[in-house]
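Below you'll find the structure, written out as structure tokens, and then a few comments.
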Amino acid sequence: MAKPKYEYRKLILWGMMGAGKTTAARFLSSKLGIAMIDLDEYLSERSGHTIQGLFSHLGEAGFRDREHLAFRDVLAQPRPLILAPGGGTPCFERNNQLIRHHDMTIYLRCRIETLVNRLKNELNSRPLLASHSEDLHQKISQLLSERTCWYEQARFIVDADDPDADDRLLSLATAFFTT
Ligand code: S3P
């Protein structure tokens, strides 16, 4: 007999590059025994290209098309999942439209200073930041101000800088998957 769709619910972590989405997804996955997918890794594995390679071959618009298709595929998987999409994924209406009422979104909000500190040594793997080593703070502020209205559409917001962020994530995720 087919399982009801709520068995296949997805927990999706929104947030900027460097906010810790992948780390949080791994943490929740190990605590709850529910599989996790990092959307950039999924895209890279399936395309055979790095994220930088996809940006340089296809441009940002082509990357966003691939990202949308990957997000659609992952959300359609018939199993519960914890997802760490890219920082830009929630900022497109076509991606938001894929989320269903039984899915859960959490915005992992992070201070700009924390993002700058985490990202300053990882610019080569972030095509949107690669040419901004000199004005990284300004570029991140700009992206964040453009994106906050999208991120804040998440059902819950967790402050990633708070010492109890993991506890809060775990209690939200536990309630979501068990009730
Ligand atoms: C992007 C974030 C990246 C990656 C791509 C674009 C963005 O993912 O998808 O470089 O637009 O913020 P992470 O948030 O995992 O770094």
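According to this note's numbering, the residues represented by the sequence shown are 6 to 184, in order.
Every residue gets a Cβ at the ideal spot worked out from N, C-alpha and C, and that includes glycine.
Here the structure is a predicted model, which means the values were calculated and not measured.
Taking residue i as part of the beta strand (DSSP E), name the residues at either end of that continuous run.
i: aspartate 164; result: 161-164
Mind checking who residue i pairs with in its DSSP beta bridge?
i: tyrosine 112; result: Trp19, Ile162
Taking Cβ to Cβ, would you say residue i is nearer than 8 Å to residue j?
i: leucine 113; j: lysine 125; result: no
i: aspartate 87; j: leucine 44; result: The sequence shown places isoleucine at residue 87, rather than the aspartate named in the question. It is not a contact, given that the beta carbons lie outside the stated cut-off.
i: leucine 177; j: lysine 36; result: no
i: alanine 24; j: alanine 165; result: yes
i: histidine 190; j: asparagine 100; result: This structure leaves residue 190 out entirely; the chain is present only between 6 and 184.
i: phenylalanine 76; j: isoleucine 111; result: no
i: valine 79; j: isoleucine 42; result: yes
i: isoleucine 17; j: phenylalanine 182; result: no
i: aspartate 108; j: arginine 14; result: yes
i: leucine 63; j: leucine 48; result: no
i: methionine 21; j: leucine 120; result: yes
i: alanine 89; j: threonine 27; result: yes
i: leucine 149; j: isoleucine 117; result: yes
Could you spell out the range, first to last residue, of the alpha helix (DSSP H) harbouring residue i?
i: alanine 135; result: Neither: alanine 135 is in no alpha helix (DSSP H) and is coded neither H nor E.
i: arginine 173; result: 170-183
i: serine 120; result: A small correction: the amino acid at residue 120 is leucine; serine does not occupy that position in the sequence shown. Where leucine 120 is concerned, the enclosing alpha helix (DSSP H) stretches over 117-124.
i: tyrosine 156; result: 141-156
Under 8 Å, Cβ to Cβ, is there at least one residue of chain C near residue i?
i: serine 61; result: Protein chain content of the structure displayed is limited to a single chain, and chain C is not contained in it.
Discussion item. If we require 4 or more residues per run, which alpha helix (DSSP H) segments fall completely within the region 35-107?
Written reply: Every unbroken stretch of the alpha helix (DSSP H) spanning 4 or more residues and falling wholly within the region 35-107 is given here in chain order: 44-52, 56-80, 98-101.
Fill in: Stretch-stretch touch, CB-based, cutoff 8 Å, three pairs: the region 129-148 with the region 79-86
Contact between the region 129-148 and the region 79-86 is not established, with fewer than three Cβ pairs separated by less than 8 Å.
Fill in: Segment contact, 8 Å Cβ cut-off, at least three pairs: the region 92-100 with the region 69-80
Output reads yes: the region 69-80 touches the region 92-100.
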